Structures are given as structure tokens and as C-alpha cells.
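To start, the structure itself, in C-alpha cells.
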Amino acid sequence: MNKEVLAVKNWLRLGFSVCVLSFLFSTSVLAAEEEPTREQILELRMDYYKKFSSEMLPWYYLAAIDQYERNLQEVRSDLPKRDGVVAFQFSDDFWVGVLNPTRDDRDSTSIVFFDGRGLDGNNDGFADLNQDDDVMFTLTNYLIDRVVSEEDFEKTLKEYYTRDEAVKQIMTNAKIYEHFNTVDLDARAFPLALQHNYSYRSTWGDSRGWGGRRMHEGIDLFASYGVPVRSTTYGIVEVKGWNDYGGWRVGIRDVNNTYHYYAHLSGYTKELKEGDILESGTVIGYVGSSGYGRQGTSGKFPPHLHYGMYKFNGRTEWAYDPFPLLKRWEQQEKQAKKNPAAS
Numbered sequence: 210m211n212k213e214v215l216a217v218k219n220w221l222r223l224g225f226s227v228c229v230l231s232f233l234f235s236t237s238v239l240a241a242e243e244e245p246t247r248e249q250i251l252e253l254r255m256d257y258y259k260k261f262s263s264e265m266l267p268w269y270y271l272a273a274i275d276q277y278e279r280n281l282q283e284v285r286s287d288l289p290k291r292d293g294v295v296a297f298q299f300s301d302d303f304w305v306g307v308l309n310p311t312r313d314d315r316d317s318t319s320i321v322f323f324d325g326r327g328l329d330g331n332n333d334g335f336a337d338l339n340q341d342d343d344v345m346f347t348l349t350n351y352l353i354d355r356v357v358s359e360e361d362f363e364k365t366l367k368e369y370y371t372r373d374e375a376v377k378q379i380m381t382n383a384k385i386y387e388h389f390n391t392v393d394l395d396a397r398a399f400p401l402a403l404q405h406n407y408s409y410r411s412t413w414g415d416s417r418g419w420g421g422r423r424m425h426e427g428i429d430l431f432a433s434y435g436v437p438v439r440s441t442t443y444g445i446v447e448v449k450g451w452n453d454y455g456g457w458r459v460g461i462r463d464v465n466n467t468y469h470y471y472a473h474l475s476g477y478t479k480e481l482k483e484g485d486i487l488e489s490g491t492v493i494g495y496v497g498s499s500g501y502g503r504q505g506t507s508g509k510f511p512p513h514l515h516y517g518m519y520k521f522n523g524r525t526e527w528a529y530d531p532f533p534l535l536k537r538w539e540q541q542e543k544q545a546k547k548n549p550a551a552s
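Going left to right, the sequence shown walks through residues 210 to 552 as my numbering numbers them.
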């Protein structure tokens, strides 16, 4: 009898365990199914940009502003991250009015009374700062009254953000989005083709003596003269030419408020010029040893590519260590070569 009771208990325990495991498995599968992919997120954003676009406000203007705001929220702790399809967010003063005592006011009548600018974009009777439709409708109405040309758009951006650097970054975003006709620009490339011999290690923060004591703001990738140097990102060629420190160098700005710096080149590809819009992997120049002197100086150090990354946070631009990203991009390309079908 005891054996029979024990057997029943064991069967009950087993059945309960199977039920629990099945529940957990189905829950995790459901959660995975409900989590949108990166492609789905970008598609949803694009739908919003096109929905609220017009002849005077093409979708890439709205995408450029929204991406700029998203970038700021990612690098600044004083800015809350907006939870929604779009990242753009207005201040409470802008939305409800400076003198409005109800800081989370959603009533259109009282918002207008206090000279707030928040609008009801989804016709639910409320001007809600947390609703994507309301935010986009308010943004486009704010712009449509002021923008007839690209010059008007830049002027309006300057009035709103007050900083030339913000205007430059948003216009960069707009031009890149317009050129590629998509916001799906995540692909990155290692700056040197993998078939060439090269070496690099973390040299971020090392001291430098030429031109005065300073910190090394980048990573040195050593390779032979003439090895092609590639753009790591989609972006615009913002700077091209000589710099006494970096020699022949190129600066490329992407849609993530990031400036990519390539220095000590031996030369450029013939067609490269400032203002060019590039995709990741485009050859921009060749490894050299230029720099540390007047224009044309070369050979003061072994040939290598100095690669640096600088982030603009809406106030200032600062350098950060690109070494982890270089390792990631290198590994991704190696994996892609091993399994081309998966890339």
C-alpha cells in the first residue's frame, strides 16, 4: 500500500513538474513572439514618419529630428527616455504652457488658455504628451507654420534648439535618410578588409607627446602602406584634408550623432569629396604614416590607421573608446565570411 501511495505521489509530482515546465516554455515563447524585431521597430517608425509627412515636410525631416532626440536620450542621464514609437518629446512648458499649474494637463481647452501648444492628434479628446500621434501631430503643426524651404527648416531648428551643432546633425540625418530612402542603416564595417595583415590593441587613453602632452583619443590599427581604409558606417564626409596631427584625414558623421575620424592616410580614393554620402564598407583612402608636421610630412612613425569616435550629446562633443566596437565589427565580419547565408 505504501509503495502504491508513493508511486501515485511521484506521478503527481512528475505531472505537476511537466505542467510547470510547459507553462514556462509557452510563456517564454509567447514573450519572444511578442517582442518586436529591430526591422519591425524601424518599419513602424517609418510608417509614422510617412503618415505625418507632407510636401513641405518630407518624411526624412521628421525622421531626422526624431533620431536626433533618440540619440540624446541614449547618452544623457538628465533626459528621460520616451517610451513610444517615436522618441521626440516636448517640454511640459511647451506642451501645457509655462503658467499652467497642471503640469500633466491633457485638456485641450485649458492648454490653449495657458498658451500651451500640445494638440490632439488621434481625436480621442485629449492632447496627451504620452501619445505618439499627439506628439507627431503637434510637431508637424509647429513646423508646417514655419517651413516652406530647406532654409526655413534650418532656421526653425536653430530657433528651437539654439545650437548650430544640433542643426548640423539633424540636417546630416535628413540628407542620409533621403539618399538611402530608409531608416534601416544599422550595418557597420571593420575599417580594414580582413584579408590584409593588420594588428591592433587598446591604445585608448595612452599619452602622446608630439604637439604637447595629450591623451590618445582613438585606436591605432597597424597595417602596410596602401591597405584600403573603409568607412565603418553610413554617413556624410564632413571633413577631408590635412591636419598637422592626423596628416591626411577624413571625418564622417552618421545618423547616431557620431563623428568617425580616420587619420594618417597615405591618400584618398579619387572620387572622395566633402559632402559625399557613403554606405558602410566604402573605401575612402589608404593606410599611411602622414602627420606630425606641415602638409606632406610622412614617415615619422610606422604606417597605421588612427580611428576615433566622437559623440555629440546636444551640448558638447566628446571622444570615447572605439575598441569594443572594432572587436565586435571584426567578429561580425568573420562570422559572415564563415556563414554567408546567415548574413
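Where a beta carbon is used, it is the ideal one built from N, C-alpha and C, also for glycine. These numbers were taken from a predicted model, which means no experiment stands behind them.
- Beta-bridge partners assigned by DSSP to SER489: none are found.
- For ASP337, same chain residues with a beta-carbon under 6 angstroms away, outside a window of 5 residues either side, are ARG315, ASP343 in chain order.
- LEU514 carries a strand assignment under DSSP once its states are collapsed to helix, strand and coil.
- Nearest to LEU271 by C-alpha distance, out of SER300, THR318, ILE353, is ILE353.
- Selection TYR519, ALA528, PRO267, TYR516 evaluated against HIS388 yields PRO267 as nearest (Cα-Cα).
- DSSP places ARG537 within a helical segment (H, G or I) once states are collapsed to three.
- The Cβ-Cβ distance between ALA402 and ARG439 falls below 9 angstroms.
- Shortest Cα-Cα distance from VAL392 to any of ALA398, TYR257, PRO549 involves TYR257.
- In the three-state reduction of the DSSP assignment, LEU328 falls in the coil class.
- Sixteen is the threshold: when 16 or more other Cβ atoms of the shown chains lie within 10 Å of the Cβ of LYS449, as they do, the residue is buried.
- Check the Cα spacing between LEU481 and each of ILE493, TRP413, SER489, SER358: the tightest is with ILE493.
- Within the model, the alpha-carbon separation for ASN309 versus ARG355 is close to 25 angstroms.
- Residue burial annotation: TRP304 is buried, with at least 16 other C-beta atoms found within 10 angstroms of its C-beta.
- Per DSSP, the unbroken beta strand (DSSP E) holding LYS449 starts and ends at 444 to 452.
- Excluding residues up to 5 positions away in sequence, GLY517, ALA528 lie with their Cβ nearer than 7 angstroms to the Cβ of GLU426 in the same chain.
- Separation of VAL294 and ASN339 (C-alpha to C-alpha, rounded to the nearest whole angstrom) is 11 angstroms.
- Listed as beta-bridge partners of ARG254 by DSSP are no residues whatsoever.
- LEU430 places its beta carbon 9 angstroms or farther from that of LEU366.
- As summarised for the region 238 to 319, the continuous alpha helix (DSSP H) elements at least 4 residues long and confined to that stretch are 247 to 260, 268 to 284, 301 to 305, given in chain order.
- Inter-segment contact for the region 495 to 515 and the region 441 to 457 is present: three or more beta-carbon pairs are separated by less than 8 angstroms.
- Linking GLY444 to SER489 through their CA atoms gives a straight-line distance of about 8 angstroms.
- For the 9 angstroms CB-CB criterion, LEU394 and ASP463 form a contact.
- Counted as a single uninterrupted DSSP element, the alpha helix (DSSP H) harbouring ALA383 occupies residues 373 to 389.
- Rounded to the nearest angstrom, the gap between the Cα atoms of ASP292 and ASN465 is 19 angstroms.
- Beta-carbon to beta-carbon, HIS469 and THR441 are separated by about 6 angstroms, close enough to satisfy the 8 angstroms threshold.
- Going by DSSP, THR467 is part of the beta strand (DSSP E) stretching over 467 to 477.
- Within the same chain, and ignoring the five residues on either side of MET255 in sequence, the residues whose Cβ sits closer than 6 angstroms to its Cβ are VAL392.
- Across the set ASN522, LYS520, VAL376, THR349, the C-alpha of THR349 shows the shortest separation from the C-alpha of PHE261.
- A straight-line Cα-Cα distance of about 27 angstroms links GLN249 and PRO533.
- Between THR347 and ARG372 a beta carbon distance of about 22 angstroms is seen, past the 8 angstroms cut, so the two are scored as non-contacting.
- Per the C-alpha coordinates, the member of ASN332, ILE428, VAL307 positioned closest to VAL321 is VAL307.
- Taking 9 angstroms as the cut-off, the Cβ atoms of TYR277 and ALA396 do not count as close.
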